[in-house]
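Colleague:
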Amino acid sequence: MINKRAVEYADLFVVSLSNPYRPAHCALFYVSCLKIFTSTPETILSLQRTRHDIFDTLVRFLTVPRSRPEALSFGTSLEKCACEVEADSDLKLIHNLRDFRYPKSQCTFTDVLESIMELVVRAIIRPEINTGIPELRRVGREAHKAERSGLQAQWPTKAADTFPQGADTTMHMLWTWIDLYEVTHIITYLNVLLRSSGSTFISSFSKIPHYPSRILAIFEKRLDKLNSSKYREVHPFDLASIHDFIRLTGTVGSDSMRKDLGIMMQMVVLWQPYGEPLLLLLAKALRIASSTSNSLVSRLIIKERFQDTGGMIHHIYLKEKDVTQYHPLFLSESRRIAAAMKSPDPYASTAAALKSLLDMDKCGLYGCSQTFTLAGKRFQYCGGCGKIPYCSQACQRRAWKHPSAPHKAVCAPLKRICDVVGITGSSWVEIPTKEFSRKCKEANISVDEAKILVRCLEGMLGRSVMYMS
1 MINKRAVEYA DLFVVSLSNP YRPAHCALFY VSCLKIFTST PETILSLQRT RHDIFDTLVR
61 FLTVPRSRPE ALSFGTSLEK CACEVEADSD LKLIHNLRDF RYPKSQCTFT DVLESIMELV
121 VRAIIRPEIN TGIPELRRVG REAHKAERSG LQAQWPTKAA DTFPQGADTT MHMLWTWIDL
181 YEVTHIITYL NVLLRSSGST FISSFSKIPH YPSRILAIFE KRLDKLNSSK YREVHPFDLA
241 SIHDFIRLTG TVGSDSMRKD LGIMMQMVVL WQPYGEPLLL LLAKALRIAS STSNSLVSRL
301 IIKERFQDTG GMIHHIYLKE KDVTQYHPLF LSESRRIAAA MKSPDPYAST AAALKSLLDM
361 DKCGLYGCSQ TFTLAGKRFQ YCGGCGKIPY CSQACQRRAW KHPSAPHKAV CAPLKRICDV
421 VGITGSSWVE IPTKEFSRKC KEANISVDEA KILVRCLEGM LGRSVMYMS
């Protein structure tokens, strides 16, 4: 059911934030409005279709450039109510609403940030989509498809809607709010940008200093609350957001982030001094899960499978260290990863490289930084294999005989393998690894051919498939 008050208060809400540096009202007003906007899934969907200005206003409010002192003083000033409230007005009614989670406490700027991000994240992460997180480069195409069908397009209608101030400023401001207020919903939003269009944002994010130590401090605070009577203060998605951030920036990254191997390696180097503290925190989480009598807390931790991440962290950063001091689950997973890397299945490596290639949102010329998200459109694909995109004919010509990653070497075998396994378009089709291997063997694609293709694709992608997979 759509909350009718959301429609009534939408104009007042948008006008009050027309100047993101000087909002017209206080924290209580904004939290109350946002609670109405997020009251039901139907209300959120209705606003996504009919009031794009609400979402545009909120994202701009979050990402306009502010220095750290300005951001801190701004948050403090918004907590003090100086609204001119008239009797029997909408403003009076809104001020009389209370935040249902904290009915007796003061409405803080942290509550404002959490409420904003709850609306924005729930709008972007659509449960009806299998992947959960949509590829930002595809939202424009989805919007045009809806309009052609006579439907109202849902926000966001283009990738730039999610970062109106540009990639650098957006990354800087999102991290500023995380650093100051520790709002995990903002971490979720940051994860969405990195996971769906990482090749656009990774270079901007890598400029942020000291983020590993800060995220570990936030992680430890959440674990301490889970291990105490304050466990209800931890949102069910807090651990998932922090865990996803750690995996994205410190271990496997996302397919789109791994196109820039040099920067990805810089991020791994930034995490190097924090490998051991991170392992200790992950071990602490597993101990809490095994020792607590609270089944809710136990399920919350077990669901995250921290042992898998612990094994990856140990393998990347600490495999030369004394093994007796680490959790046995981390060590067994680390040994499994090491064994898999010593004798990789060439067909599985081919599938991993092919998936990365087809999920790629950037120009296929190694070294070109142009992406679908920045250009606001998809690129033309090679006329031979139909799998590798290029932003221009000049890039395609250079890529054909590139000294370290020539397209010429992969064009024909790439088309052959895709035809064999049934990938007809330019998007990855989910195929079980065993099924992929079986089809390759039945088509007499040799192990040597698979290895050559993987080596060439690694050169084009700028990474080692087995290192990051």
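The UniProt record's numbering puts the first residue of the sequence shown at 1, with every later residue one more than the last. By construction, the Cβ of each residue, glycine as well, lies at the ideal position given by its N, Cα and C atoms.
1) Might you give, ordered along the chain, the residues of its own chain that have their beta carbon closer than 8 Å to the beta carbon of residue 514, omitting 5 neighbours on each side?
2) Taking all protein chains shown into account, decide if N19 is buried (16 or more other Cβ within 10 angstroms of its Cβ) or exposed.
3) Can you look up Q154 in the DSSP assignment and give me helix, strand or coil?
4) Identify, in the order they occur along the chain, each residue of the same chain with its Cβ nearer than 8 Å to the Cβ of I44, setting aside the five sequence neighbours on each side.
5) Count the other C-beta atoms from every protein chain shown that fall within 10 angstroms of the C-beta of Y347, then say buried if there are 16 or more, exposed otherwise.
6) Taking the alpha carbon of residue 471 as the point to measure from, which residue in W155, Y181 and I208 has its own alpha carbon closest?
7) Report buried or exposed for K362, applying the criterion of at least 16 other Cβ atoms within 10 angstroms of its Cβ.
8) Indicate whether the contact test is met: 3 or more Cβ pairs, each with one atom in the stretch 143–150 and one in the stretch 174–190, closer than 8 Å.
9) Could you check how far apart the C-beta atoms of I116 and L62 are, in whole angstroms? I think they sit under 8 Å.
10) Taking 8 Å as the threshold (C-beta atoms), are I178 and T251 in contact?
11) For the stretch 273–282 against the stretch 233–242, are there 3 or more C-beta pairs whose distance is under 8 Å?
12) Run through DSSP, which three-state label would P23 get?
13) Looking at the unbroken alpha helix (DSSP H) that takes in I178, where does it start and where does it end?
14) May I have the straight-line CA-CA distance separating G386 from P403, to the nearest angstrom?
15) DSSP on G140, reduced to helix/strand/coil?
16) Tell me, to the nearest whole angstrom, how far the beta carbon of residue 472 is from that of C26; I am working on the premise that it is less than 8 Å.
17) Is the CB-CB distance between V268 and I316 below 8 Å?
18) With distances taken from CA atoms, which of Y381, E449 and S295 is nearest S349?
19) Helix, strand or coil for T43, going by three-state DSSP, please let me know.
20) If you draw a straight line from the C-alpha of S228 to the C-alpha of Q106, how long is it?
21) Can you check which of these residues, D168, P23, L357 and R214, is closest to S206 by C-alpha distance?
22) Leaving aside the five residues before and after L58 along the sequence, list all residues of the same chain whose C-beta is less than 8 Å from its C-beta, in chain order.
23) Using beta-carbon positions only, say whether V112 and D53 come within less than 8 Å of one another.
24) Count the other CB atoms, across all protein chains shown, that sit within 10 Å of the CB of D99; report buried if there are 16 or more and exposed otherwise.
25) Are the beta-carbon atoms belonging to residue 549 and P23 less than 8 Å from one another?
26) Name the two residues that bound the continuous alpha helix (DSSP H) containing C395.
27) Hey, out of S203, L357, T162 and T371, whose CA is closest to I186's CA?
28) Per DSSP, which one or two residues make a beta bridge with residue 558?
Modeller: Taking the coordinates as given:
1) Any property of residue 514 remains undetermined from this structure, which presents the chain solely from 1 to 469.
2) exposed
3) coil
4) Cβ within range, chain order: F37, T38, L119, R122 and A123.
5) buried
6) The chain is shown only over 1 to 469; residue 471 falls outside these bounds and no answer can be derived.
7) buried
8) no
9) 7 Å
10) Judged by beta-carbon spacing, I178 lies beyond the 8 Å limit of T251, meaning their Cβ atoms are not closer than that value.
11) No: the two stretches stay apart, fewer than three of their Cβ pairs being nearer than 8 Å.
12) coil
13) A167 to Y181
14) 22 Å
15) Note: G140 maps to helix in three-state DSSP.
16) Beyond the ends of the chain as shown, which are 1 and 469, falls residue 472; an answer cannot be given.
17) It is a contact, given that the beta carbons lie within the stated cut-off.
18) E449
19) T43 carries a helical assignment under DSSP once its states are collapsed to helix, strand and coil.
20) 23 Å
21) D168
22) L17, I116, L119 and V120
23) no
24) Low per-residue confidence applies at D99: pLDDT is 48, beneath 50, and the placement is therefore not dependable, though the value from the model is reported in the following sentence. Looking at its Cβ environment, which holds 16 or more other Cβ atoms inside 10 Å, D99 is buried.
25) This structure gives no information on residue 549, because the portion of the chain shown stretches from 1 to 469.
26) Q393 to W400
27) T162
28) As displayed, the chain neither begins before 1 nor continues past 469, which places residue 558 out of reach and without an answer.
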